[in-house]
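Trainee: Can you read through this structure? Questions will come right after.
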Amino acid sequence: MSQPVDKIGNWLALPVVAALTALCLAPLLILFVYSFFQVDFVTILHEPTFANYAKVAGSETYRGLIARAFGSALLVVGITAIIGYPVAWFIAKRVVAAKSTFLTLLLVPLYSGDLVRIFAWRVLLGAEGAVNRSLMWLGVTDTPFGGLLFSPLATHIALTYNYLPFMVIGLWLAFESLDDAWTEAAADLGAPAVDRFRRVTLPLTLPGLIAGGLMVFVMVAGDYLTPQLLGGASGITIISAVNDLFGTAFDWPLGSAIAWTMLAILMLCFGVGALAIRRSSFISEGT
Amino acid sequence: MTALHNSTQTKESDRQGRPLLEAKGLFKSYGKVEAVSGVDFSLAENSYVTLLGPSGCGKTSILRMIGGFEDVTSGALVLDNVRMDHIPAAKRPINTVFQNYALFPHLSVAENVAFGLSYQNVPKSEISKRALDALKTVRMDALADRRPRQLSGGQQQRVALARAIVNAPRLLLLDEPLSALDRRMRKDMQIELKELQRRLGMTFLHVTHDQEEAFALSDWIIVMHDGRIEQQGRPEEIYACPSTAYVADFIGGATCVFGEVVEREGDKVVIDTPIGRHLVPGVSTLSTGAPAALCLRPEQLTLAKAGIAAHVKSCVFRGSDWIIECEAADQVMQVVVGVNPPAQGALVHVHFDPDRAWVAAASRGDL
Ligand SMILES: Nc1ncnc2c1ncn2[C@@H]1O[C@H](COP(=O)(O)OP(=O)(O)OP(=O)(O)O)[C@@H](O)[C@H]1O
Ligand SMILES: [Mg+2]
Chain B
1 MSQPVDKIGN WLALPVVAAL TALCLAPLLI LFVYSFFQVD FVTILHEPTF ANYAKVAGSE
61 TYRGLIARAF GSALLVVGIT AIIGYPVAWF IAKRVVAAKS TFLTLLLVPL YSGDLVRIFA
121 WRVLLGAEGA VNRSLMWLGV TDTPFGGLLF SPLATHIALT YNYLPFMVIG LWLAFESLDD
181 AWTEAAADLG APAVDRFRRV TLPLTLPGLI AGGLMVFVMV AGDYLTPQLL GGASGITIIS
241 AVNDLFGTAF DWPLGSAIAW TMLAILMLCF GVGALAIRRS SFISEGT
Chain W
1 MTALHNSTQT KESDRQGRPL LEAKGLFKSY GKVEAVSGVD FSLAENSYVT LLGPSGCGKT
61 SILRMIGGFE DVTSGALVLD NVRMDHIPAA KRPINTVFQN YALFPHLSVA ENVAFGLSYQ
121 NVPKSEISKR ALDALKTVRM DALADRRPRQ LSGGQQQRVA LARAIVNAPR LLLLDEPLSA
181 LDRRMRKDMQ IELKELQRRL GMTFLHVTHD QEEAFALSDW IIVMHDGRIE QQGRPEEIYA
241 CPSTAYVADF IGGATCVFGE VVEREGDKVV IDTPIGRHLV PGVSTLSTGA PAALCLRPEQ
301 LTLAKAGIAA HVKSCVFRGS DWIIECEAAD QVMQVVVGVN PPAQGALVHV HFDPDRAWVA
361 AASRGDL
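So the protein lines, in turn, are chains B and W.
Sequential numbering from 1 applies to the first sequence in our numbering.
Sequential numbering from 1 applies to the second sequence in our numbering.
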């Protein structure tokens, strides 16, 4: 009975699938092909070579930038997880009536746009900004802290703020399906609070932590605007380097090679994460 | 009022007057809802006690307060002569079998059972052996490596039981542990639970809304109604001498005909009811003029040549017998009939032996 309907569905989905393939996969493939080419002044030599990848691997600058991108991403994942756990727990377990209000409030910053948020942080953290003024008013300091803005600190504060909602949403979903009876049973069996978290809450919310963590990880690794506008001298990222290679430097093959190196590492992270989620939900379903 | 009973007298003679747990004036309210309104009881060592009552009467609330999962609004809980209502759940020598078992899904059966042992003073090397021993007690050692979701409800129940008793608690709490099982399994588990309690010599506090289950298991029954204790005592006592109409109805399915005590004669009372004046044994604290109820259990009533005239309203076949509902003076009575039920609408005469009937207070306030 449902066979013909399924067929129609397939045909109807075809244009969308085709469009997605063309618009999403094709550029990546083109990029992949380009990453094996060479550039000679202003012409691209279509002779396959691994030279670009060798260059990426051999250059301390690029290696450093890639390491910094993923280091930052990991750091922000860690901070958002630490902040996200209590927030998600609170929304899932303590808020009853105003749950949707809380979730909306959490998402409001996302609606305001990247630039608006970044400039808001400039206003807050600048030499004349709200933070410095409060500190001076409180008598903590006489002269404003200049290093607050345009520093890795400012970048990471803003990154954490930007991507926290994704972590909270992931964890909130996990907490919603976490039965209180499990933590009560752990307490009943004598486990102190730290152990209840470590031995019960953490393993049972792990899929949410991984899902939220992956989202944050990818987005932080790919964010170049925030470091550029808030990081000052530290604001150069691997993404902005790629941008330069495709623009002024006119070295598309090298840019492609860096992009694909990043992509490969991200895909690896996703693979490991997906595997971990599958394993932990396999455990809780026990099929 | 301690739950001492015959089979444990030798052991308990030296513990007389020293109950394991005492609840004194226990109150629990959730915001405006008062779930438990002043409850006093005590649990004796090595006894099986059930908290019996209909849905919403506050049984779970009492259990959760004893377990430490819910704050006591007012009143006190005393365990081994020590106030324990401010001790956190993790530090109480009490374990719980949760209604949905609450087994940890990410741990194996053996790991579930071993969970609590890491917080007891058990050497690491001995933990897995002890866990396995506990699993043997409930005949689940063969499935020690499975995950909880790979077990049937009855098997999960046994694992939950093993996980609790392995810690050798002073008191084991069970919240409707059999409600998820089918009738047959329930009967088997009742026998096992009772036997386990005897063998371990531990005190079990078991919550249920099923009076048959309470009778099958208990040394002591606490009947709850609307956040209060309606009556507590040994099962035979509660069955034979319900103190209020509510208990008579809930426990024995008795028809309660309300009336008034006219006078007392020894341990019997004369009660005036719409179905006549009768001299019947009754609650000793009933005074003349008090509202009371004549309690007639279906099996105490028979159809006879003479007696209370009544009309048959309905007949329900129960397999081994019939249950007849008949109405006399606006009172509906249930009568058990072996064979040949009367036709619907027929005029019958209902007879009962006054010495086997019982007069209870109309409500708790009239005692
Ligand atoms: N967390 C809570 N918040 C508000 N009211 C509650 C809460 N828990 C229980 N109640 C209320 O308290 C009363 C007693 O509840 P409780 O769960 O103790 O009853 P119970 O006897 O265990 O019932 P059941 O047999 O249905 O499990 C009920 O009216 C219930 O609605
Ligand atoms: Mg309950």
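Note that beta-carbon positions come from the ideal geometry of N, C-alpha and C, so glycine has one too.
#1: Should Tyr-85/B be labelled buried (16 or more other beta-carbon atoms within 10 Å of its own) or exposed?
#2: Who are the Cβ neighbours of Ala-276/B in its own chain at under 7 Å, not counting the five residues just before and after it?
#3: Using a Cβ-based criterion (distance less than 6 Å to any ligand heavy atom), does Lys-28/W qualify as near ligand 2?
#4: If we define contact as Cβ-Cβ less than 7 Å, is Pro-19/W a contact residue for chain B?
#5: Buried or exposed: Trp-137/B, going by 16 or more other Cβ atoms within 10 Å of its Cβ?
#6: Using the beta-carbon of each residue, which ones in chain B are nearer than 7 Å to Gly-67/W?
#7: Which residue from Gln-228/B, Thr-104/B, Pro-207/B, Lys-7/B puts its Cα closest to that of Ser-177/B?
#8: With a Cβ-Cβ cutoff of 7 Å, do Thr-160/B and Ile-79/B count as a contact?
#9: Report the residues of the region 248-260 of chain W with a CB closer than 7 Å to any CB of chain B, ordered along the chain.
#10: Could you list the residues in the region 190-201 of chain B with a C-beta less than 7 Å from some C-beta on chain W, going in chain order?
#11: Looking at His-206/W: is its Cβ nearer than 7 Å to the Cβ of Leu-174/W?
#12: Using the Cα positions of Gly-307/W and Gln-344/W, report the straight-line distance between them to the nearest angstrom.
#13: At the level of alpha carbons, what is the spacing between Ala-110/W and Ala-102/W?
#14: Give the residues whose C-beta lies closer than 6 Å to at least one heavy atom of ligand 1, in chain order.
#15: Quick check: Val-348/W and Leu-303/W, are their CB atoms within less than 7 Å of each other?
#16: Mapping DSSP to helix, strand and coil, what is Gly-282/W?
#17: CB Phe-115/W to CB Leu-12/B, shorter than 7 Å?
#18: Taking Ile-222/W as the reference, which of Leu-161/W, Ala-44/W, Gly-53/W has the closest Cα?
#19: Give me, in chain order, the residues of the same chain whose beta-carbon lies closer than 7 Å to that of Phe-270/B; leave out the 5 immediate sequence neighbours on both sides.
#20: Please state the DSSP three-state secondary structure of Phe-150/B.
#21: Measure the beta-carbon distance from Glu-327/W to Pro-291/W and round it to whole angstroms, keeping in mind my assumption that it falls under 8 Å.
#22: Under 7 Å between C-beta atoms, does Ala-51/B make it to chain W?
#23: With a cut-off of 7 Å, does the C-beta of Glu-176/B fall near any C-beta of chain W?
#24: With 16 as the cutoff for other CB atoms within 10 Å, does Thr-155/B come out buried or exposed?
#25: Say whether chain W places a C-beta atom closer than 7 Å to the C-beta of Trp-182/B.
#26: Taking C-beta pairs closer than 8 Å, name the residues in chain B that Asn-167/W reaches, listed in chain order.
#27: Can you grab the Cα-Cα spacing for the pair Ala-97/B / Leu-110/B, in whole Å?
#28: Examine chain W for any beta-carbon lying closer than 7 Å to the beta-carbon of Pro-203/B, and answer yes or no.
#29: Using the rule of at least 16 other Cβ atoms within 10 Å of the residue's Cβ for burial, across every protein chain shown, is Gly-170/B buried or exposed?
#30: Within 7 Å (strictly less), CB to CB, does Ala-73/B reach chain W?
#31: Less than 7 Å between CB atoms is the rule here; does Phe-380/W satisfy it with respect to chain B?
#32: For Cys-24/B, is the classification buried or exposed, using 16 other Cβ atoms within 10 angstroms of its Cβ as the cut-off for buried?
#33: Quick one: grab the DSSP three-state call for Ile-275/W.
#34: Can you check whether the CB of Trp-172/B is closer than 7 Å to the CB of Ala-88/B?
#35: So Gly-116/W contacts chain B; which residues on that side make the cut at Cβ distance below 7 Å?
Mentor: On the basis of the supplied data:
#1: In the first sequence, residue 85/B corresponds to position 85, counting from 1. With 16 or more Cβ atoms within 10 Å of its Cβ, Tyr-85/B is classed as buried.
#2: Sequence index remark: in the first sequence, residue 276/B carries index 276 (1-based). Hits under 7 Å: Ile-210.
#3: If you number the second sequence from 1, residue 28/W lands on position 28. With a cut-off of 6 Å, the C-beta of Lys-28/W is classified as distant from ligand 2, since no heavy atom of the ligand falls inside that distance.
#4: For the purposes of this step, residue 19/W is taken as residue 19 along the second sequence, with counting starting at 1. So, not an interface residue.
#5: Locating residue 137/B in the first sequence gives position 137, where the first residue counts as 1. With fewer than 16 other Cβ atoms within 10 Å, it is exposed.
#6: Here residue 67/W refers to the residue found at position 67 of the second sequence. Correct list: Asp-188.
#7: Taking the first residue of the first sequence as 1, we reach residue 177/B at position 177. When only C-alpha atoms are compared, the closest one is Pro-207/B.
#8: Taking the first residue of the first sequence as position 1, residue 160/B is located at position 160. Taking the first residue of the first sequence as position 1, residue 79/B is located at position 79. Ile-79/B is positioned such that its CB atom lies closer than 7 Å to that of Thr-160/B.
#9: The region 248-260 of chain W vs chain B, Cβ under 7 Å: nothing.
#10: Of all residues in the region 190-201 of chain B, Gly-190, Ala-191, Pro-192, Val-200 have a Cβ within less than 7 Å of some Cβ in chain W.
#11: In the second sequence, counting from the first residue as 1, residue 206/W sits at position 206. In the second sequence, counting from the first residue as 1, residue 174/W sits at position 174. Yes; because the gap between Cβ atoms is below 7 Å, this pair is in contact.
#12: Position 307 of the second sequence holds residue 307/W. Position 344 of the second sequence holds residue 344/W. Distance from the CA of Gly-307/W to the CA of Gln-344/W, rounded to the nearest whole angstrom, comes to 19 Å.
#13: Taking the second sequence and counting its residues from 1, the one referred to as residue 110/W is at position 110. Taking the second sequence and counting its residues from 1, the one referred to as residue 102/W is at position 102. Answer to the nearest angstrom: the Cα atoms are 15 Å apart.
#14: Having a Cβ closer than 6 Å to some heavy atom of ligand 1 are Tyr-30/W, Val-33/W, Ala-35/W, Gly-53/W, Ser-55/W, Gly-56/W, Cys-57/W, Gly-58/W, Lys-59/W, Thr-60/W, Ser-61/W, His-209/W.
#15: On the second sequence, position 348 is the one that residue 348/W refers to. On the second sequence, position 303 is the one that residue 303/W refers to. Going by C-beta atoms, Val-348/W is nearer than 7 Å to Leu-303/W.
#16: Position 282 of the second sequence, counted from the start, is the residue given in the question as residue 282/W. In the displayed model, Gly-282/W falls within a strand according to three-state DSSP.
#17: Stepping through the second sequence from its first residue, residue 115/W is reached at position 115. Stepping through the first sequence from its first residue, residue 12/B is reached at position 12. No, the pair does not count as a contact, with Cβ atoms beyond the cut-off.
#18: Here residue 222/W is taken as the residue at index 222 of the second sequence, counted from 1. The shortest Cα separation from Ile-222/W among Leu-161/W, Ala-44/W, Gly-53/W belongs to Gly-53/W.
#19: Counting from one through the first sequence, the residue named residue 270/B turns up at place 270. The answer, listed in chain order, is Leu-214.
#20: Along the first sequence, one-based indexing puts residue 150/B at 150. Coil at Phe-150/B, not helix or strand.
#21: Looking up residue 327/W in the second sequence gives position 327. Looking up residue 291/W in the second sequence gives position 291. Their Cβ separation, rounded to whole angstroms, is 22 Å, which puts Glu-327/W and Pro-291/W out of contact at 8 Å.
#22: Taking the first residue of the first sequence as 1, we reach residue 51/B at position 51. Ala-51/B does not count as touching chain W.
#23: Your numbering for residue 176/B matches position 176 in the first sequence. No - not a single Cβ of chain W is within 7 Å of the one on Glu-176/B.
#24: As a working mapping, residue 155/B is identified with position 155 in the first sequence. Thr-155/B is buried by the Cβ-count criterion.
#25: In the first sequence, counting from the first residue as 1, residue 182/B sits at position 182. True, the Cβ-Cβ gap to chain W drops below 7 Å.
#26: Here residue 167/W corresponds to residue number 167 of the second sequence, with the count starting at 1. Those are Leu-189, Gly-190, listed as they occur along chain B.
#27: For the purposes of this step, residue 97/B is identified with residue 97 of the first sequence, where counting begins at 1. For the purposes of this step, residue 110/B is identified with residue 110 of the first sequence, where counting begins at 1. Ala-97/B and Leu-110/B: Cα-Cα distance of roughly 23 Å.
#28: As a first step, residue 203/B is located in the first sequence; it is residue number 203 there, counting from the start. It does; some Cβ of chain W falls within 7 Å.
#29: Taking the first residue of the first sequence as position 1, residue 170/B is located at position 170. Answer is buried; the Cβ neighbour count reaches 16.
#30: Counting from 1 along the first sequence, the entry for residue 73/B is found at position 73. So no, Ala-73/B is outside the interface.
#31: What the structure shows of chain W is the stretch from 1 to 367, and residue 380/W is not part of that stretch, so it cannot be assessed.
#32: Counted from its first residue, the first sequence places residue 24/B at position 24. Exposed: under 16 other Cβ atoms inside 10 Å.
#33: Your numbering for residue 275/W matches position 275 in the second sequence. Looking at Ile-275/W - three-state DSSP - the assignment turns out to be coil, as it is neither helix nor strand.
#34: The sequence position of residue 88/B within the first sequence is 88, counting from 1. The sequence position of residue 172/B within the first sequence is 172, counting from 1. In contact: Ala-88/B and Trp-172/B (Cβ atoms closer than 7 Å).
#35: Looking up residue 116/W in the second sequence gives position 116. In chain order, Leu-189, Gly-190 make up the part of chain B whose C-beta sits under 7 Å from the C-beta of Gly-116/W.
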